[in-house]
Every structure is written in C-alpha cells, then in structure tokens.
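Scroll down for the structure; my scribbles are underneath it.
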Ligand SMILES: Cc1cc2nc3c(=O)[nH]c(=O)nc-3n(C[C@H](O)[C@H](O)[C@H](O)COP(=O)(O)OP(=O)(O)OC[C@H]3O[C@@H](n4cnc5c(N)ncnc54)[C@H](O)[C@@H]3O)c2cc1C
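Below you can see the structure in the form of structure tokens.
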C-alpha cells in the first residue's frame with residue numbers, strides 16, 4: 022500500500038487472516054502456561070512487531086498501518102477471544118501514540134510516532150495514582166518548571182507496560198493550586214531516565230504476565246519539549262479526548278472474552294455427557310448458550326456502531342460508553358456462565374475458562390469503571406433530550 026491509502030476490504034481480510042493464524046499458532050499455545058507462571062510473553066512482542074500491531078492505528082505517514090477503529094476493534098476481539106492479556110502490550114501503547122498524533126507538536130510526532138509504530142519504542146499511559154483513579158483531577162504528581170526542564174515528583178500505580186516499555190504518557194499537575202483543578206493539569210511524553218523508578222510487577226488476580234507496576238518519580242527531569250502540544254494546562258482535555266477510542270478498545274477486549282468463553286463452553290457442552298447425553302442436549306445448558314450468544318452478538322454491534330461513528334469523525338461519547346459498559350459486562354457474564362457449564366472442571370487449570378473468569382472483571386474497571394460509564398450514558402441521554 023502507498024502512504025495515505027485506505028485499506029481495501031480485501032487487504033483487511035488478509036490482515037485478519039494473518040491475525041487468526043498468529044492467534045492459533047502462537048498465542049493460544051502459550052497462554053495458559055504464561056498466565057499460570059506470570060511470565061511476560063517476550064516472544065509475542067517480536068511477532069507483534071512483524072505484524073505491525075505496534076503501529077496498528079498510527080497514521081501511514083509515520084510508518085503505521087493506519088487502521089480504522091472498526092478494523093482495529095475486530096483484531097482486538099480476535100486476540101482477546103484466545104488470551105486478553107497480550108492485547109495490553111499494544112493497546113496501552115496505541116493510546117499513548119494516539120495522544121501524540123492528536124495533540125502533539127509536529128516535532129513530537131516526527132520524533133516519536135515512527136519509533137512507536139515499529140515497536141522500537143514501547144509504552145503506555147500513566148494516569149492513575151494510589152489516591153486517584155476515577156477522579157483524575159485529584160492526582161498529586163507535580164511537574165515544576167526549572168529552566169528548560171520540568172522536575173517531576175510523585176507516584177503512579179497500576180501502570181501497564183511500565184517495566185518492559187520505555188516511554189509513558191504521564192499526567193501531572195503543572196499548577197497544583199489551579200481552580201478549576203483540571204486547568205492545572207498537563208501531559209508529558211516521559212522516557213525512562215534518572216529519577217523514573219519502576220517498582221516490581223504487581224501480583225494480580227488476572228491479566229497476569231503483563232507488567233502492571235508502581236512508578237515513582239523522584240526529581241525526574243523532563244525537557245520542556247516533551248510537554249504534549251507544548252502548552253501547559255491541557256492535560257485533562259487531552260486525556261479525555263482519547264477516551265472514546267480507549268473505550269471502544271476495552272469494549273472489544275470484553276467482547277473477545279465473551280466470545281472465547283462461549284466457544285469453549287459450546288465445545289465442552291458437546292463433549293461432556295450427563296444423564297446419558299451430551300450436556301448440550303439439556304435445556305438448562307441451551308438457555309445459557311443462547312443468552313451468551315446474544316450478548317456476544319449485541320456487543321459486536323454496539324462496538325461496530327461506536328467505531329463507525331468514530332471513524333466518520335462523528336461524536337460517539339454515548340455510543341462508546343454503551344459499547345464499553347455492555348461488552349465488558351458481557352465478558353463477565355459469559356465467563357461466569359461458561360464456568361457453570363464446565364462444572365467442577367471450571368476450577369481446574371487444565372481448562373482455560375478459569376483464566377477468562379479471572380481476566381474478565383478488569384475490563385469493567387479500566388478506561389472508566391462501568392459505574393462511571395452508566396453515569397455518562399444517563400448524562401448524555403438527559404442532556405440530548407433537553408437540547
Ligand atoms: C490490572 C490493571 C491495569 C491498569 N493499568 C493502568 C494503566 O496502564 N494506566 C493507568 O493510568 N491506570 C491503570 N489502571 C488503573 C485503572 O484505570 C483504575 O483502577 C480505574 O480507573 C479505577 O480507579 P480506582 O481503582 O482508583 O477506583 P476508584 O476511582 O477509587 O473507584 C472505586 C469505586 O467507586 C466508584 N466510583 C468512583 N467515583 C464514582 C462516582 N463519581 N460515581 C459513582 N461511582 C463512583 C467506582 O466506579 C468504583 O466502583 C489499571 C488497573 C488495573 C487493576
């Protein structure tokens with residue numbers, strides 16, 4: 022493809038086939054071992070580079086694939102239906118890249134996007150702090166101007182890709198006394214260096230293998246040239262501007278978990294016999310399978326509807342929140358129902374459904390909890406009704 026070309030339907034299908042093959046041949050076979058051992062899948066990272074996943078949504082002029090949100094969501098569903106965790110390696114990275122592409126200066130785009138697209142630089146986003154998750158305006162990490170630099174002090178937590186990556190999109194207060202609070206917030210492109218200290222990988226219920234760590238900044242110096250967009254005080258809106266795409270992506274991860282759970286439960290129900298027939302022949306199991314299948318399909322449609330609006334540059338905050346809320350709850354629901362269909366074997370690590378069950382809930386928490394999503398949906402509904 023040439024530099025600015027749109028993906029044809031044929032090219033997209035060829036890419037989806039390549040992803041399917043990779044998932045079957047490389048992701049599935051290692052998923053359960055790596056999850057149980059909490060081992061980082063370094064081998065997948067090299068393959069992700071070859072597939073172009075680190076540049077999936079980055080513009081072609083910067084060496085990325087320039088995929089639409091809709092095509093990218095399909096890829097995320099495919100990978101997550103086998104193992105959700107490795108998606109975090111390129112998804113958080115792409116949220117960082119998307120912020121630079123949307124809000125960065127020309128110099129920042131030229132400097133970072135080509136190296137992010139190849140995976141030479143890998144990263145994530147550092148918003149959450151021990152005392153502030155949903156309420157991001159309560160963060161305490163401060164960057165103070167000092168000559169041509171900023172000096173950063175504070176702590177972030179749960180930061181995905183912080184150990185194995187080398188650059189983070191860092192949300193700080195440049196004016197801690199500003200009122201309203203968001204006016205004092207800024208984003209920086211923060212490369213590892215002196216004073217950028219990453220703690221041990223946190224032990225987690227699910228989403229294992231992937232590095233989620235505390236990161237402490239102790240007099241960490243950042244060049245002023247790394248202030249995203251070059252102007253202080255825009256960090257909160259720059260973060261919020263990436264939420265729609267982020268939510269579509271998390272919805273896709275939830276949908277993948279739902280679809281993978283359904284597939285496993287269906288296969289198991291055809292194989293497992295009770296009272297003289299496969300359990301798929303019992304109506305109680307059929308009702309579960311039917312409900313799961315409806316939730317998977319409905320999730321896909323909500324994701325597609327939000328992604329299409331996003332790709333058409335239309336407002337999609339309501340649709341992205343609906344997709345995020347519904348598809349991630351579908352992930353929890355389907356993993357839960359699949360556990361029941363597997364009966365006692367659901368508790369065996371010989372079967373992968375226990376991993377889906379442990380991974381599913383995280384999707385309801387990240388990228389804005391589902392409580393917050395419903396508040397956004399209601400606010401939009403009421404606001405639009407009054408317009
Ligand atoms: C494995 C993992 C990986 C993560 N990766 C990253 C990462 O890479 N980068 C990053 O920055 N963060 C990351 N996070 C953090 C994640 O984004 C936060 O956990 C999430 O935003 C929720 O914040 P919190 O945990 O502080 O919960 P809180 O904000 O304390 O919320 C606790 C509860 O209160 C509810 N609540 C809060 N405010 C309201 C309100 N106004 N109305 C109704 N209910 C409300 C919430 O819905 C929730 O049920 C990760 C978390 C985990 C577990």
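Residue numbers (the numbering used here): 22 to 408.
The beta carbon of each residue, even a glycine, is placed where N, CA and C say it ideally should be.
Please read these numbers as outputs of a predicted model, since none were measured by experiment.
So residue i and residue j are supposed to be a Cβ contact under 8 Å. How far apart are they, rounded?
| i | j | result |
| --- | --- | --- |
| residue 278 | residue 377 | 5 Å |
| residue 185 | residue 61 | 6 Å |
| residue 208 | residue 249 | 4 Å |
| residue 342 | residue 259 | Actually they are not in contact, since the Cβ atoms of residue 342 and residue 259 sit about 19 Å apart, beyond 8 Å. |
| residue 157 | residue 83 | With 8 Å as the limit, residue 157 and residue 83 do not qualify as a contact, their Cβ atoms being about 28 Å apart. |
| residue 232 | residue 222 | 5 Å |
| residue 172 | residue 165 | 5 Å |
Can you grab the Cα-Cα spacing for the pair residue i / residue j, in whole Å?
| i | j | result |
| --- | --- | --- |
| residue 355 | residue 177 | 32 Å |
| residue 328 | residue 230 | 29 Å |
| residue 81 | residue 129 | 16 Å |
| residue 251 | residue 245 | 8 Å |
| residue 401 | residue 334 | 18 Å |
| residue 242 | residue 234 | 20 Å |
| residue 147 | residue 190 | 6 Å |
| residue 180 | residue 149 | 8 Å |
| residue 86 | residue 73 | 7 Å |
| residue 39 | residue 71 | 11 Å |
| residue 362 | residue 106 | 24 Å |
| residue 371 | residue 52 | 12 Å |
| residue 352 | residue 280 | 8 Å |
| residue 311 | residue 198 | 54 Å |
| residue 408 | residue 57 | 52 Å |
| residue 403 | residue 380 | 33 Å |
| residue 387 | residue 346 | 11 Å |
| residue 383 | residue 37 | 26 Å |
| residue 303 | residue 364 | 14 Å |
| residue 392 | residue 298 | 42 Å |
| residue 63 | residue 55 | 10 Å |
| residue 288 | residue 369 | 17 Å |
Sorted by chain position, which residues of the same chain lie with C-beta nearer than 7 Å to residue i's C-beta, five sequence neighbours on each side aside?
| i | result |
| --- | --- |
| residue 360 | 367, 374, 378 |
| residue 7 | Residue 7 is absent from the model: the chain starts at 22 and stops at 408. |
| residue 115 | 77, 78 |
| residue 332 | 89, 90, 91 |
| residue 120 | 190, 208, 249, 259, 263 |
| residue 103 | 44, 48, 49, 52, 281 |
| residue 108 | 97, 100, 101, 274 |
| residue 145 | 113, 114, 117, 180, 181, 182, 183, 186, 189 |
| residue 170 | 242, 243, 244, 245 |
| residue 151 | 176, 178 |
So, at 6 Å on beta carbons, what are the nonlocal neighbours of residue i in its own chain, with the 5 sequence-adjacent residues on each side left out?
| i | result |
| --- | --- |
| residue 118 | 79, 137 |
| residue 159 | 153 |
| residue 23 | Since pLDDT at residue 23 reaches only 45, below the 50 mark, its modelled position is unreliable, and the value read off the structure follows with that caveat. Excluding residues within five positions, none has a Cβ falling inside 6 Å. |
| residue 218 | 237 |
| residue 204 | 254 |
| residue 213 | 187 |
| residue 33 | 92 |
| residue 313 | 283, 355, 358 |
Given a cut-off of 8 Å, decide if residue j and residue i are closer than it, judged by their beta-carbon atoms.
| i | j | result |
| --- | --- | --- |
| residue 262 | residue 123 | yes |
| residue 174 | residue 240 | yes |
| residue 273 | residue 97 | yes |
| residue 390 | residue 155 | yes |
| residue 340 | residue 326 | yes |
| residue 291 | residue 301 | yes |
| residue 27 | residue 47 | no |
| residue 19 | residue 237 | Nothing about residue 19 can be reported from this structure: the residues present for the chain run from 22 to 408 only. |
| residue 286 | residue 358 | yes |
| residue 256 | residue 192 | yes |
| residue 140 | residue 195 | no |
| residue 350 | residue 385 | yes |
Leaving out the 5 sequence neighbours to the left and right, which residues in its chain are closer than 8 Å to residue i when beta-carbon positions are compared?
| i | result |
| --- | --- |
| residue 41 | 99 |
| residue 143 | 66, 75, 110, 114, 137, 182, 185, 186, 187, 188 |
| residue 330 | 336, 337, 340 |
| residue 224 | 59 |
Is residue i near ligand 2 - that is, is its Cβ less than 7 Å away from at least one heavy atom of it?
| i | result |
| --- | --- |
| residue 148 | In the structure shown, ligand 2 is absent; the only ligands present are ligand 1. |
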